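Down below is the structure, laid out as structure tokens.
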Amino acid sequence: MNKKEARTLIKEKRMKLSQAYIDVASDKIFEKLLQNEDFKNAKAVMSYMDFKNEVKTDKINDFIKNSGKVLVLPKVIDKETMIAIEDKNQYIISPFGNKEPNGEEYRGNIDVIITPGVAFDRNKNRVGFGRGYYDRFFLKYPNAKKIAIAFEEQIINEGIETDKYDKKVDILITENNIIK
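For the sequence shown, the numbering used here begins at 213 and goes up steadily by one.
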């Protein structure tokens, strides 16, 4: 399946998910993430703030902060650039309508990048919103473990066509599976 078809199909499916399903599945994903050794051992973790029926990240982000780890969140700067900002509970609303952190760019190491996406396949290929922000960001942190979190509804069994600049994730966690 090409990326555009995957993006359209899964966005439609995801928008039909009930809040009850999202809440229960997000909790299951959180519990699986807590068992991951890379996540357990990380000193600095990049997460995100969920938007439009994505996996809920509030519990994940609170856990990171309360466990003494550094929590960094993404902020889009322009049409090609996304940076990480340490979460200091100061937020703005982005041009896309989602909440973003406000502050200076974080320049330290990031051990784990909790990665959102629109669609995934079982080979850990990822389709985002189509701007390539995460693919370019991954290049800045080549040693960071890329852990995607997604609902089973976001997995495409037949595979997704990729381009040379598309980066796979290292681990994909859903409410039912962990794909390594």
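C-beta atoms are modelled at their ideal positions from N, C-alpha and C, and glycine is treated no differently. This structure is a prediction, so every number in the text was calculated from the model and none was measured.
Item	Value
DSSP bridge partner residues for Asp333 (one or two, in chain order)	Ile368
Inter-stretch contact at 8 Å, needing at least 3 Cβ pairs: the segment 334 to 342 / the segment 358 to 374	yes
Spatial distance of Val284 from Glu373 (CA atoms)	30 Å
8 Å contact criterion, which Lys287 and Glu312 should meet: CB distance rounded	5 Å
Cβ-Cβ distance between Thr269 and Ile326 below 9 Å	yes
C-alpha gap between Met227 and Glu266, whole angstroms	9 Å
Inter-residue Cα distance where the pair is Val381 and Asn214	18 Å
Range covered by the beta strand (DSSP E) that runs through Glu298	294 to 298
Endpoints, alpha helix (DSSP H) assigned at Leu229	Element bounds for Leu229: n/a, residue is neither H nor E.
beta-carbon Phe251 near the ligand ZN non-hydrogen atom, thresh 8 Å	Looking at this structure, you won't find the ligand ZN or any other ligand, since it has none at all.
Pick from Lys252, Asn248, Thr386 that is closest to Pro328, judged by C-alpha positions	Thr386
Backbone secondary structure at Val236 - three-state DSSP	helix
Sequence-distant residues of its chain with Cβ nearer than 8 Å to Gln366 (five each side left out)	Ile222, Lys225, Arg226, Gly329, Val330, Ala331, Phe332, Thr386
Whole-number beta carbon distance between Tyr345 and Met294, since they are thought to touch under 8 Å	4 Å
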